[in-house]
Structures are given as C-alpha cells and as structure tokens.
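In my numbering, the protein residues as written are 1 to 410.
The beta-carbon is built from N, C-alpha and C at its ideal position, and this holds for glycine as well.
For clarity, every value in this text was computed on a predicted model and none was experimentally measured.
Notes for the one structure printed next.
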Amino acid sequence: MNPSMFPRAALLALCAAWALPGAAQDAPAPSLDPAEFKTCLSQLQGTPAFRAITAQTFAEQTRTLAPDPSVLVLLNRQPEFTMPVWDYMAVLDDAERVQDGRAAFAKWQDVLQKIEAQTGVPAAIITGVWGVESNFGQNLGGRPLVQSLATLSCFGRRQAYFRGEFAAALRIIQEGHIAPDKLTGSWAGAFGQTQFMPSTFFANAVDFDGDGRRDIVDSVPDALASTAKFLQNAGWRRGEPWGFEVRLPKGFDSSGASRKAKQPIATWQRAGLTLADGQPLPGDLPSAGLMIPAAGGPAFLVGRNFDALYRYNASENYALAIAHLADLIADPQAPLAFATPWPTDDPGLSRAENRELQTLLLARGHDIGTADGMIGAKTREAIKAEQQRLGVKADGRAGQKLLAALRKAD
Ligand code: CA
C-alpha cells in the first residue's frame, strides 16, 4: 500500500519486504541529534495534526523514543535500474504464491464470500491483494511504526507528510485498535496484512469480526474486509472484471495504448481485438484502456476495476500482478504465463529459483548470508562478480541465464 501522493514509498517498502533487486549501495546512516529529536517532538505535540492525541498517549509513546537513522537511508535510496515487468511478475506471481493463494482462498472462503456479498469485490481479488501485499499475512514488516514515523517527522524530506501519518499511528494505539508492540511495518509506515498507511487505515479499515477493534495485524477477517473496503472506496464496480489479456490484430497501431485512454468495448471489437485465445471480447466490461507493459509483450484491456487496484500501489505492474494472481487463484486450470510471452530471452526468477541461485552463490564461496530468496545488496554484489567472471554484462540482475550458467558450473 502506498498513498498516491507518495508512490515511491511503497515500491521501496516492497523492495525491502520482498527484497526485489534494484537499489544501489546505501549511503552511510546519518547521525541524528537526540536533543534535536526531543525538541522536534515536543513542538509537534502542539500542532493541529496531533489535536486528537492526548498528552498521556503522546508521552507514553515518545518518552523513551530514539530516532532511527536507517529509515532516512531508505528514504533517500535511489533505484539502480528500472526493474523489468517480467521480473516483478516472476516473483510476485510465482507457483508458490498461487498455491498459497488457493489454500488461503479455501481456508477463508466463508469470510471472503460474506465480504464479497457486502462490497461486490470478488473473493479472489481480495486474496490476490493479500498475497502481493503481505504474502497472505506472512510478511508484515518488522520496524516499529511509531519510531520510524517519528524519525521521518523530524528529519529528512517529506516531514509534513509523515507528521500526519505519525499522528494517525498514535491514534490507532490510543483508540486501542492495535497494541503498540504489534504496530510494526515497512520503514515508511505501511503495516498489517493489508500494508495500509495509518491515514489509509482510518479511511478504510473495518471491524469485520465484531470485537470493537479494527485489527488489520492479527485479525484476518478485519484485514480482508478492510482490503475490500479500500477497493470499494476506490471505485470498484460490482460484476465487472478487472480486464483480460487480448490478442491484437496484425498490423495494429498500438502507439497510443494507455490504461487511461478508455474506449467502449464495441470500439475495440471493431478494431479487431479478441481475447488471447481468439474468442470475442466479453460484454461485461463497458469500457477499457489498452495496456501494453512492454512493447511486443502481452497486451491487456483494463477497466475501472483495474484503476481501483492501481490505487493500492500506484504501479501498473503491481496492479497487474494482483489481477493475474486473482485469476490464477480463481481458476485452477489457468496457466501461470500469459498467452503472449514477455519480450525477453532472459526471464525473471521465482522465489524458489532465487533461493537456488543463492545456494549456488554460497557454494561458490560468496558471503551472502542465508538462501532466503530475497535478492539483497550482498546477493547483487555476488551476482555481479559471477557475471564478470562469465564475461557478461555485470548488472547484478538475477535472471534465468545466470541461473543456468551457475547450474552448469556447479
Ligand atoms: Ca475486529
């Protein structure tokens, strides 16, 4: 989750959570003056954003608080290269996540069906968001939210934005929704099974299990209902699909293709577009935009519900990962790959393949910690060293070609 005004945060939060490659070597952590931090906090307390926070709450939550310099390093992190869409999809929609998604879908089907009936958001879509955002509640992020947000409220850029989130985090604790020690998340403040920012929590979180608390950390029903509420508030339309993969007619001019340039489905039909298997376009999507994430790769017609998914993370690649995962969860016969392959001769790796790659790197003596499937800075350095040895472009990217080369050399 990330607020649309701050799209970079969640992408990088996800990089941290899922350890997707793409970040340069970090700058050293700055030293932060504890006295300056204390002064800043005491000044914040009197500002309008903190009006709803009692003196007691504020004192309890900040009395022993020290600033965390590491969140500023992450705030200033610049991506080293733009990650191709097929790398995102390989990790986010791998066979493991589809399997886990089908299990979660079956386990929570009663709750999911009730939520779908109330909101119109399909159970598979809710499960897909859950899988991409927190790996079905497995990956919530371990940074204390109050400490991260207090630090970002007093140091670095975007302080005004983070002050609002800091105040909202304190309000979550004050109202007893989530205990302070449970309120952990990404460095930027996304937390819980839905990875909401604190302000997003107050706009969308739901107490679905009826215990009086909106607990998106420990209550799966609350988390699933809150995801559906978010999508409903983002304009989800009951009964409409998110979209579908399409086949373009020969010689089709796709230069103006855009998710936002929506046309009636009849217009696309007249232009010769069909479903990927050649069947006519279905009539349950009134209008759609043509989205082509990579030229020469798969093409999609996407409707208003895709826009609602986009609101979750302000990234078309993430929205596509959620939408496709939902399709794979809903239909056990659906193939993992799109009908049109991605335009690359070096596809991305699944988490299982990332673990295998790391095991091979460890066997070659690279000091990269454990083979956890997370491609962090150390793994990227080891990949670069192996790429140099193999005489290929040393970009630190984990792909099928490198994996194949290391398997052979093993
Ligand atoms: Ca509850």
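### Query
Under the criterion of a Cβ to heavy atom distance below 8 Å, does F208 qualify as lining ligand 1?
yes
### Task
Flag G137 as yes when its Cβ comes closer than 8 Å to any non-hydrogen atom of ligand 1, and as no otherwise.
no
### Message
Nearest by alpha-carbon distance to Q419: which of L152, G120, T274 and F136 is it?
### Response
Lying before the first or after the last residue shown, residue 419 is absent from the chain, which here runs from 1 to 410.
### Task
Find the nearest neighbour of E240 within the set Y312, W342, V121 and E316, judged by alpha-carbon distance.
V121
### Task
Please classify F191: does DSSP put it in a helix, a strand, or coil?
strand
### Query
Is there contact here, the segment 311-330 with the segment 122-132, by at least three beta-carbon pairs under 8 Å?
yes
### Query
Between S219 and ligand 1, is the CB less than 8 Å from at least one heavy atom?
yes
### Collapsed DSSP secondary structure at A261 in the structure displayed
coil
### Message
What does DSSP give as the partner residue(s) for F306 in the beta ladder?
### Response
F306 is not bridged to any residue.
### Query
Between which two residues does the alpha helix (DSSP H) containing R247 stretch?
Run containing R247: none in the alpha helix (DSSP H); it sits in the beta strand (DSSP E), G243 to R247.
### Message
Spatial neighbours of P180 within its chain, please: C-beta separation below 6 Å, excluding the five flanking residues on both sides.
### Response
Contacts found: I173.
### Query
By Cβ distance, which residues of its chain are closer than 8 Å to V146, with the 5 residues on each side in sequence left out?
Q61, T62, L65, F166, A169, L170, I173, P180 and L183
#### Entry: DSSP beta-bridge partners of T184
P144
### Query
For N76, which of D345, W187, K393 and A228 has the nearest alpha-carbon?
W187
### Query
S287 lies in the beta strand (DSSP E); which residues open and close that run?
In the DSSP assignment, S287 falls within the beta strand (DSSP E) that extends over S287 to M291.
### Task
Please state if the CB of A234 and the CB of G312 are separated by a distance shorter than 9 Å.
This sequence places Tyr at residue 312; Gly is not what is there. Result yes, Cβ atoms of Y312 and A234 sit closer than 9 Å.
### Query
Whose C-alpha, out of S350, T119, K393 and R389, is nearest the C-alpha of A373?
Note on identity: in this sequence residue 373 is Gly, with Ala being the wrong assignment. For the residues S350, T119, K393 and R389, the minimum Cα distance to G373 belongs to S350.
### Query
Where are the alpha helix (DSSP H) runs, 4 residues long or more, that stay fully inside the segment 59-134, in chain order?
70-75, 85-92, 95-107, 109-119 and 123-134
### Query
Can you tell me the Cα-Cα spacing of R304 and K262, whole angstroms?
9 Å
### Message
Report the CB separation of A415 from L231 in whole angstroms; it is logged as a contact under 8 Å.
### Response
Lying before the first or after the last residue shown, residue 415 is absent from the chain, which here runs from 1 to 410.
### Query
What are the partner residues of A274, as DSSP defines its beta bridges?
For the record, residue 274 in the displayed sequence is Thr; it is not Ala. Partner(s): R247.
### Message
Considering just the uninterrupted stretch of the alpha helix (DSSP H) at K38, what are its terminal residues?
### Response
P34 to Q45
### Query
Is the beta carbon of G289 sitting closer than 9 Å to the one on A257?
yes
### Task
Report back the beta-carbon spacing between L281 and I265 to the nearest angstrom; my notes put them in contact at under 8 Å.
6 Å
### Query
Is the segment 108-124 touching the segment 382-400, taking contact as three or more C-beta pairs under 8 Å?
no
### Residue ranges of each alpha helix (DSSP H) within the segment 301-362, 4 or longer
304-313 and 316-330
#### Entry: For F196: DSSP bridge partner residues
Looking at the DSSP assignment, F196 forms a beta bridge with F191.
### For G164, the three-state DSSP class (helix, strand or coil)
Taken through DSSP and simplified to helix, strand or coil, G164 comes out as helix.
### Query
Of the choices Q159, A205 and R158, whose alpha-carbon is the least far from that of H177?
Nearest C-alpha to H177: A205.
### Task
For A294, name the three-state secondary structure that DSSP assigns.
In this structure, DSSP gives A294 a state outside helix and strand, which the three-state scheme calls coil.
### Message
I'd like the span of the alpha helix (DSSP H) that includes Q390, first residue to last.
### Response
In the sequence under discussion, the amino acid at residue 390 is Leu, which differs from the Gln named in the question. Per DSSP, L390 belongs to the alpha helix (DSSP H) from A377 to L390.
### Query
Mind checking D284: buried by the 16 CB within 10 Å criterion, or exposed?
exposed
### Query
So, are the CB atoms of F252 and L273 less than 9 Å apart?
yes
### Task
Classify R51 as buried or exposed, calling it buried when 16 or more other Cβ atoms lie within 10 Å of its own Cβ.
exposed
### Message
Taking the straight line between their C-alpha atoms, what separation do you get for L140 and S153?
### Response
Taking the straight line from one Cα to the other gives about 22 Å.
### Query
If we call anything under 9 Å between Cβ atoms a contact, is G297 one with P335?
no
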